[in-house]
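The sequence shown begins at 1 in UniProt numbering and counts up one residue at a time.
Data first, discussion second: the structure below is written as structure tokens.
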Amino acid sequence: MPERTQPEATGTPPGPGGTPYELITMGRTGVDLYPLQTGVGLAEVETFGKFLGGSPTNVAVAAARLGRRAAVISRTGADPFGEYIHRALREFGVDDRWVTAVPRLPTPVTFCEIFPPDHFPLYFYRQPKAPDLEITAAELDLDAIRAARVFWMTGTGLCEEPSRSATLAALAARSGAVPRPGPAGHSAGPAPHFVTPAACSAGPEAAREAAPEADRDPDRDPDPDVRPDAPSPAAGAVTVFDLDWRPMFWPAPGADPAAESPAARAARAAAARPHYARALKHATVAVGNLDECEIATGLREPKDCARALLDAGVELAVVKQGPRGVLAMHRDGTTAEVPPMPVEVVNGLGAGDAFGGSLCHGLLAGWDLERTIRHANAAAAIVASRLACSPAMPTAAEVEAALTGP
């Protein structure tokens, strides 16, 4: 087990009176080394740009660019790239207090190739293990996680221990239950706690009125793996599960770990699906592309995926369909189908993270579903028209200009 440094409050304080964060994200962080030439393979690239990376990290940056108070929970190596991540987060206005170092594990680096409009291969260097998979439940500030208005976690955080148990512990704090230890001391899933996303901006009383409380259902059996003695989460809290399917991060039981055969892909999906199902019980929002939704639900038709995600426990399902746009379906029957915003694509990587940061922004603002998804689509389009990810995240004014046109 690698040694860890202790968490150190190095970022911006929470604010006057200990104001809760508007957004806390948890999971991957690293350094993106992207070619400064497009249409060229890595073997021929001559120069690279260095950028802050990692999907949940970029989501926090995207939200901060839109004026939201955001923080990240992650781990880096105790190396110069780790120092760079702290500096970059601060420069973007994201609190880095819960980004801590794991000695002897290097900060992850990601390369890509840029072949517009739709081919952007990624090359992850996360060996022997990524520090962000060394997040432990004991190191989490559960009070802060519980109090945040939006909490964002990802499928990658479920791929390996101890990150998996830490992610489930954070979800348990959000859903108002403490999981009993599962097999091998790992946590079992707590009972779901549903909160309507639109209530996030409406205040505690309105949120309590709007939220369909699970314990009002007389036909619902109690979960034997849950202790009912946990503090309650913040009223109106939104918990987002970014389905974030990266098959190369998951084990392939019975197959060569490096294999990319259909059998290996099926083994990885089978390994992931039970963990996705457990996490969905605690989320109020699920967001993913068709491949990611298929991992979570076993289905691929967008409306079937959305309904299955609602059946799995969330209040809002967001299915990203690439050139077909975005489908969003809420438990209350509201739907939004928004076409993509036309743009000349430079680099599609990072567009989904911009979408995520904007989605959080809209949920925090209490916008209707159509407006929220249109804003997120516009943010994604802006980033797709730019080379980098984190520095490309748009401001509120830039998104508004894209929506209103010249």
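We put the CB at the ideal spot given by N, CA and C, even for glycine.
Owing to the predicted nature of the structure, the values given are computational and were not obtained by experimental measurement.
Excluding sequence positions up to five away, which residues of its chain have a Cβ less than 7 Å from the Cβ of residue 321? The residue labelled residue 321 in the question sits at position 321 within the sequence shown. Same-chain partners within the cutoff: 290, 302 and 327.
The ligand SAM heavy atom lying under 6 Å from the CB of residue 312: Here there are no bound small molecules, and the ligand SAM is not part of this structure.
Residue 318 to residue 376, Cα distance in whole Å? Residue numbering aside, residue 318 sits at position 318 when the sequence shown is read from its first letter. Residue numbering aside, residue 376 sits at position 376 when the sequence shown is read from its first letter. Straight-line measurement puts the Cα of residue 376 at about 11 Å from the Cα of residue 318.
Using only the alpha-carbon positions, how far apart do residue 61 and residue 269 sit? Against the sequence shown, residue 61 aligns to sequence position 61. Against the sequence shown, residue 269 aligns to sequence position 269. One C-alpha to the other measures close to 30 Å.
Alpha carbon of residue 175 to alpha carbon of residue 282, nearest angstrom: Position 175 of the sequence shown, counted from the first residue, corresponds to residue 175. Position 282 of the sequence shown, counted from the first residue, corresponds to residue 282. Their Cα atoms are separated by approximately 6 Å.
For residue 24, tell me which candidate among 152, 131 and 58 has the shortest Cα-Cα distance. Within the sequence shown, numbered from 1, the residue matching residue 24 stands at position 24. That would be 152, whose Cα lies nearest to the Cα of residue 24.
Can you pull the DSSP bridge partners for residue 73? Here residue 73 corresponds to residue number 73 of the sequence shown, with the count starting at 1. Bridge partners of residue 73: 26 and 98.
Give the straight-line distance between the Cα atoms of residue 142 and residue 173, rounded to the nearest whole angstrom. Here residue 142 refers to the residue found at position 142 of the sequence shown. Here residue 173 refers to the residue found at position 173 of the sequence shown. Between the alpha carbons of residue 142 and residue 173 lies a distance of about 6 Å.
Might you give, ordered along the chain, the residues of its own chain that have their beta carbon closer than 6 Å to the beta carbon of residue 357, omitting 5 neighbours on each side? Along the sequence shown, read from residue 1 onward, the residue named residue 357 stands at position 357. Beyond the five residues adjoining it in sequence on each side, residue 357 comes within less than 6 Å, by CB distance, of 59, 62 and 63 in the same chain, given in chain order.
Assign residue 297 to one of two classes, buried (16 or more other C-beta atoms within 10 Å of its C-beta) or exposed (fewer than that). For the purposes of this step, residue 297 is identified with residue 297 of the sequence shown, where counting begins at 1. With a 10 Å radius around the Cβ and a threshold of 16 neighbouring Cβ atoms, residue 297 comes out buried.
What distance in whole Å lies between the Cβ atoms of residue 345 and residue 117, which are believed to be in contact at a cut-off of 8 Å? As a position in the sequence shown, residue 117 is number 117, starting the count at 1. As a position in the sequence shown, residue 345 is number 345, starting the count at 1. The C-beta separation of residue 117 from residue 345 comes to about 4 Å, placing the pair in contact by the 8 Å criterion.
With 16 other CB atoms within 10 Å as the buried threshold, where does residue 385 fall? Against the sequence shown, residue 385 aligns to sequence position 385. When all chains shown are included, residue 385 counts as buried.
Secondary structure, beta strand (DSSP E): runs of 3+ residues fully inside the UniProt domain "Carbohydrate kinase PfkB" (272–395): For the UniProt domain "Carbohydrate kinase PfkB" (272–395), whole beta strand (DSSP E) runs of length 3 or above, ordered along the chain, are 285–289, 316–320, 326–330 and 335–338.
Can you tell me whether residue 122 is helix, strand or coil according to DSSP? Position 122 of the sequence shown, counting from 1, holds the residue named residue 122. Strand, per DSSP.
Can you give me the C-alpha to C-alpha distance between residue 246 and residue 156, rounded to a whole angstrom? Working through the sequence shown from its first residue, we reach residue 246 at position 246. Working through the sequence shown from its first residue, we reach residue 156 at position 156. Inter-residue distance for residue 246 and residue 156 is about 7 Å (C-alpha atoms, whole angstroms).
Can the beta-carbon of residue 165 be found closer than 7 Å to that of residue 353? Walking along the sequence shown from the start, residue 165 turns up at place 165. Walking along the sequence shown from the start, residue 353 turns up at place 353. No, Cβ-Cβ distance for residue 165 and residue 353 is not below 7 Å.
Quick check: residue 389 and residue 350, are their CB atoms within less than 7 Å of each other? As a working mapping, residue 389 is identified with position 389 in the sequence shown. As a working mapping, residue 350 is identified with position 350 in the sequence shown. Their beta carbons are under 7 Å apart, which means residue 389 touches residue 350 by this criterion.
I need the DSSP call for residue 19, collapsed to helix, strand or coil. For the purposes of this step, residue 19 is taken as residue 19 along the sequence shown, with counting starting at 1. Taken through DSSP and simplified to helix, strand or coil, residue 19 comes out as coil.
Which residue or residues does DSSP assign as beta-bridge partners of residue 50? In the sequence shown, residue 50 corresponds to position 50, counting from 1. 33.
Just mark residue 394 as buried or exposed, buried being the case when its beta carbon has 16 or more other beta carbons within 10 Å. In the sequence shown, counting from the first residue as 1, residue 394 sits at position 394. For residue 394, the number of other beta carbons within 10 angstroms of its own is at least 16, and it is reported as buried.
Could you give the distance in angstroms between the alpha-carbon of residue 159 and the alpha-carbon of residue 251? Locating residue 159 in the sequence shown gives position 159, counting from the first residue. Locating residue 251 in the sequence shown gives position 251, counting from the first residue. Cα to Cα, residue 159 sits roughly 8 Å from residue 251.
Kindly indicate which three-state DSSP category residue 136 falls into: helix, strand or coil? Translated into positions along the sequence shown, residue 136 becomes position 136. Coil at residue 136, not helix or strand.
Which of helix, strand or coil does DSSP assign to residue 92? Residue mapping note: residue 92 aligns to position 92 of the sequence shown, counting from 1. DSSP places residue 92 in the coil class of the three-state scheme, outside both helix and strand.
Local Cβ density within 10 Å of residue 397, reported as buried at 16 or more and exposed below that: The residue labelled residue 397 in the question sits at position 397 within the sequence shown. Counting Cβ neighbours within 10 Å, residue 397 comes out exposed, since fewer than 16 surround it.
Given residue 38 as reference, the closest of 31, 49, 29 and 28 once Cα atoms are compared: The count along the sequence shown starts at 1 and reaches residue 38 at position 38. Minimum Cα distance to residue 38 is reached at 49.
What span of residues does the beta strand (DSSP E) with residue 143 cover, start to end? Within the sequence shown, residue 143 is the residue found at index 143, counting from 1. Element bounds for residue 143: not the beta strand (DSSP E) but the alpha helix (DSSP H), 142–147.
Could you say if the segment 129–138 and the segment 62–81 meet the contact criterion of at least three C-beta pairs nearer than 8 Å? Output reads yes: the segment 62–81 touches the segment 129–138.
Per-residue burial, residue 106 [other beta carbons within 10 Å of its own, 16 or more giving buried]: On the sequence shown, residue 106 is found 106 positions in, with the first residue counted as 1. Counting the other Cβ atoms within 10 Å of the Cβ of residue 106 gives 16 or more, which makes it buried.
Where do the ends of the beta strand (DSSP E) carrying residue 61 lie? The count along the sequence shown starts at 1 and reaches residue 61 at position 61. It is not in any beta strand (DSSP E) - residue 61 instead sits in the alpha helix (DSSP H) that spans 55–65.
Could you give the distance in angstroms between the alpha-carbon of residue 87 and the alpha-carbon of residue 53? Stepping through the sequence shown from its first residue, residue 87 is reached at position 87. Stepping through the sequence shown from its first residue, residue 53 is reached at position 53. Distance between the alpha carbons of residue 87 and residue 53: 13 Å.
Alpha carbon of residue 238 to alpha carbon of residue 126, nearest angstrom: As a working note, residue 238 is residue 238 in the sequence shown. As a working note, residue 126 is residue 126 in the sequence shown. So the alpha carbons of these two residues sit roughly 30 Å apart.
Here's the rule I'm using: 16 or more other beta-carbon atoms within 10 Å means buried, otherwise exposed. How should residue 400 be labelled? Mapped onto the sequence shown, residue 400 falls at position 400. By the neighbour-count rule (16 or more Cβ atoms within 10 Å), residue 400 is not buried but exposed.
In the DSSP assignment, find the beta strand (DSSP E) that holds residue 38 and state where it starts and stops. Within the sequence shown, numbered from 1, the residue matching residue 38 stands at position 38. Annotation: residue 38 is outside any beta strand (DSSP E) and is labelled neither H nor E by DSSP.
Own chain residues within Cβ distance below 8 Å of residue 42, not counting five before or after: Within the sequence shown, the letter at position 42 stands for residue 42. So the qualifying residues of the chain are 35, 111, 113 and 123.
Looking at the secondary structure, which residues open and close the beta strand (DSSP E) in which residue 110 lies? On the sequence shown, position 110 is the one that residue 110 refers to. 109–112 is the extent of the beta strand (DSSP E) around residue 110.
6 Å Cβ shell around residue 240 - same chain, five flanking residues per side excluded: In the sequence shown, counting from the first residue as 1, residue 240 sits at position 240. Spatial neighbours of residue 240 in its own chain (CB-CB distance under 6 Å, excluding positions within 5 residues in sequence) are listed in chain order as 152 and 285.
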